[in-house]
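What follows is one structure encoded as structure tokens, with my remarks underneath.
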Amino acid sequence: MNPHFQNRVFPYAPYAEQQPGCNAMARPVVIVGAGPVGLATAIDLAQQGVPVVVVDDDCTLSTGSRAICFSKRSLEIFDRLGCGDRMVDKGVSWNVGKVYLKNELLYSFDLLPETGHRRPAFINLQQYYVEGFLVERAQALSNVELRWKHKVVDLAQDADGVTLTIETPDGSYTQRAQYVVAADGSRSPVRHMMGLEAHGQTFKDRFLIADVRMEAPFPSERWFWFDPPFHPNQSVLLHHQPDNVWRIDFQLGWDADPVAEKQPERVIPRVRALLGDDVEFELEWVSVYTFSCERMERFRHGRVLFIGDAAHRVSPFGARGANSGLQDAENLAWKLRMVLDGDAPDTLLDTYASEREFAADDNIRHSTRSTDFITPKSAVSRLFRDATLRLAKHYPFARTLVNSGRLSTPSVLDDSPLLTPDESPFAGALVPGAVALDAPVRGADGKPGWLLNHLREGFTALRFCSTGDTVDALPIPTLAIFPAGGLGAVAPGVTGLEDIDGLVAQRYDARPGTLYLIRPDQHVCARWRATDAAQLLSAVHRATGFPATTHAPHAAAAA
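Residue numbering for the sequence shown follows my numbering, beginning at 12 and increasing consecutively.
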């Protein structure tokens, strides 16, 4: 184990609110839970100027690797939070997966076959590293308080905020908050305190995770076996992690004894059957798990907002748990900031719930289908799976039916009320509700960079221009995209960028005059072939949750 991160203990400290007679003001946001999702939310809010308190009943990082697969979208979120390079530098990058039946390779697939992307499809990185890097980033921000060994034991809401009762080694105290973000995991004590439940399906199967430290010649790819000879009638998944650690997931079946299966005398023979007798290895961490696909009916309950595993859970196939939680965080943070600053109505937070409930349903649907394919529970399902696998070696159409875990991609929030529908035809995937795509660009200083790095914390307009155009200011910050070598003159408030390889225009199906409106969480919320300032402000107005009959006085300033 990495001694710095796995043995790290954060000190408990008392705070002003614990002093007798303290009349501390309500904090804007209290986040319950210092896992990846809670920390990401705190950093995002703090970077936008919102003071945040994070309380956690523990004082260490996660034990064992746990969530390890972080998607390209999550890396882009980490970039915006100021710690993407650390994640990628430490993580194991991969784009390729391989699917085996018994000991035969059926096919391989590339999740990022095209060039011109800053980040890989995925990195593998132990959760304790992710949490550690996020903690260090949060500690560097003066408006984040991390309170370790501060356990929420009760809460009560009223019209103006939430009162939390928090237990510490020095006794209990109360903390007021305007809003509470419950990021306290799948068992969510906050959810139980409020008498709320998550509903869904628990799958009757067990899997063994074995983190194995070894020197191995395997490439950094995702390998998935159906019915391998070293573990017959079950499935196995192999991933490479940093520090010469390899994650191996063994399907065990529902009848397996979870206590017995964690014992080294049961784990080591399974690992040796896969690796062979000549490979030296040591066990670093072992766990047996079952899994569920479930969610709360609603993610918002007054001034308490549920996020990550506290709001929804999926099976591990497809890496949709932590990645969808990070997308929750980026969706919620900008909306909370705008509501707190008076730049949007409180009802904007309802769209956090509706958008991420929609995304949770999307993830649960994919995850359930993956689980049903990997672990068929009927003779008909098994027959379909086995026939599909036999066909997949020779016929590409069958490979689209093989489901060893549809790997996480951001949900397209195409039913959101915050979107402005297209008025003109566009090609490609960047419909309103989709996440903006990255591509190489060059600034006026001649230095190459990446498009997403130029997006602001607020709303941003992408304006596609002709060579040498003079670009006037719009009511919101604007990126003027010029063809390579054709940078023109830009007004204050406009940043000129060259489309180095033409990939920005290609990915956005853009021509001169095309304009995209990008939300603070880097989702497309409107696009036009031609538009004016009034249409642009109307779309910002809509995207910040104001009713159509009212005026949004802060829309331009908030953007």
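Beta carbons are placed, not taken as given, at the ideal position from N, Cα and C, and that holds for glycine.
Residues near residue i by beta carbon distance below 6 Å, same chain, minus five either side
i, result
"N106", "D121, L122, L123, P131 and A132"
"A167", "T174"
"R187", "A37, G172 and T174"
"S231", "V103, W105 and H251"
"D320", "G196 and S197"
"G336", "V48 and G319"
"K404", "L117"
"Q274", "none"
"P25", "D181"
"L152", "A57"
"G46", "none"
Own chain residues within Cβ distance below 7 Å of residue i, not counting five before or after
i, result
"L56", "V40, V63, A344, L347 and R348"
"G573", "No statement about residue 573 is possible, as the shown extent of the chain runs from 12 to 570 and does not include it."
"F384", "R396 and N414"
"R540", "S435, G524 and T525"
"F16", "L72, Y139, Y140 and G143"
Sheet register partners of residue i (DSSP bridge)
i, result
"D383", "DSSP, once it has assigned bridges, lists no residue as partnering D383."
"V350", "In DSSP, V350 forms no bridge with anything."
"M307", "A209"
"D222", "R258 and W296"
"A179", "This sequence places Thr at residue 179; Ala is not what is there. BP columns for T179 point to G182."
"T71", "V20"
"N135", "C80 and V103"
"I492", "F475 and L508"
Per-residue burial, residue i [other beta carbons within 10 Å of its own, 16 or more giving buried]
i, result
"L394", "exposed"
"T52", "buried"
"H534", "buried"
"G353", "exposed"
"T411", "exposed"
"V482", "buried"
"W265", "exposed"
"D90", "buried"
"G179", "The sequence given here places Thr at residue 179; Gly does not occur at that position. T179 is buried by the Cβ-count criterion."
"A27", "exposed"
"V391", "exposed"
"C33", "exposed"
"D532", "buried"
"V325", "buried"
"R158", "buried"
"D426", "exposed"
"A502", "exposed"
"K388", "exposed"
Given residue i as reference, the closest of the options once Cα atoms are compared
i, options, result
"E115", "A390, G513, D238 and F261", "D238"
"A516", "D543, N374 and V452", "V452"
"P432", "P443, N334, G60 and R281", "P443"
"E291", "P31, W257 and D268", "W257"
"S104", "G479, L157, Q274 and P253", "P253"
"F635", "E178, S246, P230 and R158", "Since the first residue shown for the chain is 12 and the last is 570, residue 635 is missing from the structure and cannot be characterised."
"F302", "I279, A330 and V66", "A330"
"P459", "G469, M225 and G496", "G496"
"A450", "Y184, L418 and L514", "L514"
"F21", "G454, S73, Q29 and P31", "S73"
"K215", "A267, G416, R306 and P31", "A267"
"E147", "G93, V192, K388 and D69", "G93"
"V201", "T213, A170, I220 and V164", "V164"
"R380", "V99, L418 and H161", "L418"
"R224", "E272, D512, I279 and R158", "I279"
"A355", "S378, G556 and T420", "G556"
"L125", "H377, D512 and P228", "At residue 125 the sequence reads Glu, which differs from the Leu that was named. The option with the nearest alpha carbon to E125 is D512."
"D68", "D169, S422, L508 and V43", "V43"
"R129", "N464, G469 and F261", "N464"
"L285", "F235, R309 and A322", "F235"
"A340", "P31, Q29, Q30 and L50", "L50"
"S183", "P31, L400, S389 and V423", "P31"
"P634", "E226, F229, R233 and F261", "Outside the displayed range of the chain (12 to 570) lies residue 634, so it cannot be described from this structure."
"R233", "L400, V270, C80 and L466", "C80"
For residue j and residue i, believed in contact at Cβ under 8 Å, the rounded distance
i, j, result
"I492", "R474", "7 Å"
"I529", "A447", "5 Å"
"S249", "R217", "With the sequence shown as reference, residue 249 is identified as Leu, and Ser is not the correct amino acid for it. Not really, about 18 Å apart at Cβ, beyond 8 Å."
"A194", "I54", "That belief does not hold up - the Cβ atoms of A194 and I54 are roughly 12 Å apart, past 8 Å."
"Y300", "I220", "7 Å"
"R314", "Y190", "5 Å"
"R203", "I177", "A small fix is needed here, since residue 203 is His in this sequence, not Arg. The pair is not a contact, with the Cβ atoms about 16 Å apart (cut-off 8 Å)."
"A209", "M307", "5 Å"
"Q338", "P421", "6 Å"
Other residues of its chain near residue i: CB distance less than 8 Å, five sequence neighbours each side excluded
i, result
"R311", "F317, L360, D361, Y363 and A364"
"A472", "L485, I487, P488, T489, L490, L526, Y527, L528, I529 and L547"
"L441", "A447, L448, R518, Y519, D520, Y527, V535 and R538"
"Q29", "T179, D181, G182 and Y184"
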